[in-house]
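Notes for the one structure printed next.
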Amino acid sequence: MATVVPDADQAVSGIQDGSTVLIGGFGPAGQPVELIDALIRSDVRDLTVVSNNAGNGRVGLAALLANGQVRKIICSFPRQADSYVFDELYRAGKVALELVPQGNLAERMRAAGAGIGAFYSPTGVGTPLAEGKERRTIDGRDYVLEYPIKGDVALIKAFRADTLGNLVYRKTARNFGPVMATAAETTVVQVSEIVEPGGLDPEAVITPGIFVDRMVKIAGVSPLAAIGAAG
Amino acid sequence: MITQPAFDSTRPLGRDDVARLAATDIPPGSYVNLGIGLPTGVADFLKPDIGVTLHTENGMLGMGPQAYDDDIDPDLINAGKVPVTETAGASYFHAADSFAMMRGGHLDVCVLGAFQVSFRGDLANWHTGAADAIPAVGGAMDLAIGARNVFVLMTLFGKDGSPKLVRKCSYPLTAVACVSRVYTDYGVFMITDHGVAVRETYGIDQRDLAERLEITFHDA
Numbered sequence: 001m002a003t004v005v006p007d008a009d010q011a012v013s014g015i016q017d018g019s020t021v022l023i024g025g026f027g028p029a030g031q032p033v034e035l036i037d038a039l040i041r042s043d044v045r046d047l048t049v050v051s052n053n054a055g056n057g058r059v060g061l062a063a064l065l066a067n068g069q070v071r072k073i074i075c076s077f078p079r080q081a082d083s084y085v086f087d088e089l090y091r092a093g094k095v096a097l098e099l100v101p102q103g104n105l106a107e108r109m110r111a112a113g114a115g116i117g118a119f120y121s122p123t124g125v126g127t128p129l130a131e132g133k134e135r136r137t138i139d140g141r142d143y144v145l146e147y148p149i150k151g152d153v154a155l156i157k158a159f160r161a162d163t164l165g166n167l168v169y170r171k172t173a174r175n176f177g178p179v180m181a182t183a184a185e186t187t188v189v190q191v192s193e194i195v196e197p198g199g200l201d202p203e204a205v206i207t208p209g210i211f212v213d214r215m216v217k218i219a220g221v222s223p224l225a226a227i228g229a230a231g
Numbered sequence: 232m233i234t235q236p237a238f239d240s241t242r243p244l245g246r247d248d249v250a251r252l253a254a255t256d257i258p259p260g261s262y263v264n265l266g267i268g269l270p271t272g273v274a275d276f277l278k279p280d281i282g283v284t285l286h287t288e289n290g291m292l293g294m295g296p297q298a299y300d301d302d303i304d305p306d307l308i309n310a311g312k313v314p315v316t317e318t319a320g321a322s323y324f325h326a327a328d329s330f331a332m333m334r335g336g337h338l339d340v341c342v343l344g345a346f347q348v349s350f351r352g353d354l355a356n357w358h359t360g361a362a363d364a365i366p367a368v369g370g371a372m373d374l375a376i377g378a379r380n381v382f383v384l385m386t387l388f389g390k391d392g393s394p395k396l397v398r399k400c401s402y403p404l405t406a407v408a409c410v411s412r413v414y415t416d417y418g419v420f421m422i423t424d425h426g427v428a429v430r431e432t433y434g435i436d437q438r439d440l441a442e443r444l445e446i447t448f449h450d451a
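These protein sequence lines map, in sequence, to chains A and B.
Per our numbering, the first sequence starts with residue 1, numbered consecutively.
Per our numbering, the second sequence starts with residue 232, numbered consecutively.
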């Protein structure tokens, strides 16, 4: 059952060293910066992070990387104009990278959340990213076998929640949030506003509360907003 | 009514002309994804009355033009992380749905840039393969195998003069036999089951072109 916690530190409490952490966001949009900041304060180490990108500037995911807490990152697009924190760590061999096509990244988490054991994807067939993977031809088309990515914890950002954990998102900040919410043992959400049950239109709920464990209200402007369009 | 100037076949096309040419070939009513870089420019030449809906893989259909000043909203960006606007009738969705639109064959056209395209339509556009390069693939592989028609926009020759339409790609592949058309400064190429056909040329004749590309063109 979803609970509302008073601050971001309590929202991320109990995360163990060596955990796999799904972190929402597409670049700055939808990145749960305040939850990541709390993860940095918790000093949990040896994390595997799953996120579309590998950090922008020196805030959020980039700051987590800079603090040496991440052993491996699974993402689709690490290299960006302002991904210098990741670039440096990667070149120094201090962070491992598993590069996954964006659609496979989303679908592997969707599969984890939906209890699917594995699936055949046409994406990547005949490319270096499919090397070593089981291949099968189905109805004349080639596919490779892809396995789910399950998180110990998901950190995501939504726009508005009710106290039962039902979530709505805002514009393209939605991106990986609804998929990650289903794919982790514990799903932690930062939201701008929390309303009473009945305060959200049930027809408009994007993530039903069954997928949510902890929520924290974070007001104010995200530091990533200041980065704006960069990267 | 504004009529756009025709293309001058006696000289190579400029960057904008290549984008404009590709735009004129996008069927009315299509759902279209435009890649980062040169392909993004195609949007500027899509006439509003043909009813093309732009898809951006970070989770939106009905993407409008780039946003400036007060219209910038950090929660509303395109796949290149550039602030954009929404059009009337736009919709938002999560990443798994966005890629289902591609893989499921719902997207009519994607327009991508390329390092190389092979004569059979293999695409290389995500990684130079250089030892010190940090690879990044994003949605390129999903788009290339998913969209019903894959248009490539590129210059036909690299800075060193070597052709980018090649017998076999030397760069790591994005997808196999996925490209249907290649729009370049020197001509438009149709990739068919039988080989490469030239639809038209700019600033070079077909024979010289075949010689530079070391190819025998198939009849269009």
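Ideal placement from N, C-alpha and C gives every residue a C-beta, glycine not left out.
In this text the structure is predicted, and so the values were computed from the model without any measurement.
Check	Outcome
Check whether Leu338/B and Tyr262/B have beta carbons under 8 Å apart	yes
CB contact below 8 Å: Gly231/A versus chain B	At Gly231/A, the pLDDT of 35 sits below 50, so the modelled position is not reliable and the matter cannot be decided from this model.
Simplified DSSP state of Thr316/B, which is helix, strand or coil	strand
Buried versus exposed call for Leu47/A [16 or more other C-beta atoms within 10 Å across all chains shown]	buried
Neighbour-count burial assignment, Ala8/A, 16 or more Cβ in a 10 Å radius	buried
Straight-line gap, Arg160/A to Leu387/B (C-alpha atoms, nearest Å)	49 Å
Spatial distance of Lys278/B from Gly320/B (CA atoms)	17 Å
Members of the region 168-179 of chain A that neighbour chain B once the beta carbon cut-off is set at 9 Å	Tyr169, Arg170, Lys171, Thr172, Ala173, Arg174, Asn175, Phe176, Gly177, Pro178, Val179
Contact residues within the region 67-100 of chain A, judged by C-beta distance below 7 Å to chain B	Ser76, Phe77, Pro78, Arg79, Asp87, Tyr90, Leu99
Coarse secondary structure for Thr271/B, derived from DSSP in three states	helix
Beta-carbon gap between Asp416/B and Pro243/B smaller than 8 Å	yes
Residue range of the unbroken alpha helix (DSSP H) whose run includes Met1/A	Unbroken run through Met1/A: none, as it is neither H nor E.
Cutoff 8 Å: His449/B Cβ touching any chain A Cβ	no
Any chain B beta carbon closer than 8 Å to Arg110/A	yes
Chain B contact residues for Phe119/A, given Cβ-Cβ distances below 8 Å	Ordered by position in chain B, no residue passes the 8 Å Cβ test against Phe119/A, which lies about 11 Å from the chain.
Three-state class that DSSP yields for Lys171/A in the structure shown	helix
Interface flag, Leu404/B vs chain A, CB-CB below 8 Å	yes
Cross-chain neighbours of Glu107/A in chain B, by beta carbon under 7 Å	Ala327, Phe330
Reference Ile116/A; option with closest CA among Glu146/A, Ile73/A, Ile138/A, Pro32/A	Glu146/A
Bridge partner(s) assigned by DSSP for Gln347/B	Ala355/B
Of the listed residues Phe330/B, Met333/B, Cys400/B, nearest to Asn356/B (C-alpha basis)	Cys400/B
Under the three-state DSSP convention, the category Phe276/B falls into	helix
Cβ of Gln10/A within 8 Å of any chain B Cβ	no
Amino acids of chain B, ordered along the chain, whose beta-carbon sits closer than 7 Å to that of Thr123/A	Arg334, Met372, Asp373, Ile376
Helix, strand or coil at Ala204/A according to DSSP, with G and I counted as helix	helix
First and last residue of the uninterrupted beta strand (DSSP E) at Phe119/A	119-121
Three-state secondary structure assigned by DSSP to Tyr323/B	strand
Where the alpha helix (DSSP H) containing Glu185/A begins and where it ends	Here Glu185/A belongs to no alpha helix (DSSP H); instead the beta strand (DSSP E) covers 184-191.
Buried or exposed by the 16-neighbour rule on C-beta atoms within 10 Å, applied to Lys395/B	buried
Residues of the region 285-302 of chain B with Cβ closer than 7 Å to any Cβ of chain A, in chain order	Glu288, Asn289, Gly290, Met291
Three-state secondary structure assigned by DSSP to Ile210/A	helix
Extent of the continuous beta strand (DSSP E) run through Val95/A	Careful: Val95/A lies outside any beta strand (DSSP E) and carries neither H nor E.
Chain-ordered neighbours of Pro32/A on chain B, where CB pairs are closer than 9 Å	Residues of chain B passing the Cβ test: none, with the nearest at roughly 13 Å.
Tyr143/A - containing beta strand (DSSP E), residue span	141-146
Endpoints, the beta strand (DSSP E) within which Ile138/A is located	135-138
Cβ pair count under 8 Å reaching 3, the region 136-145 of chain A against the region 160-180 of chain A	no
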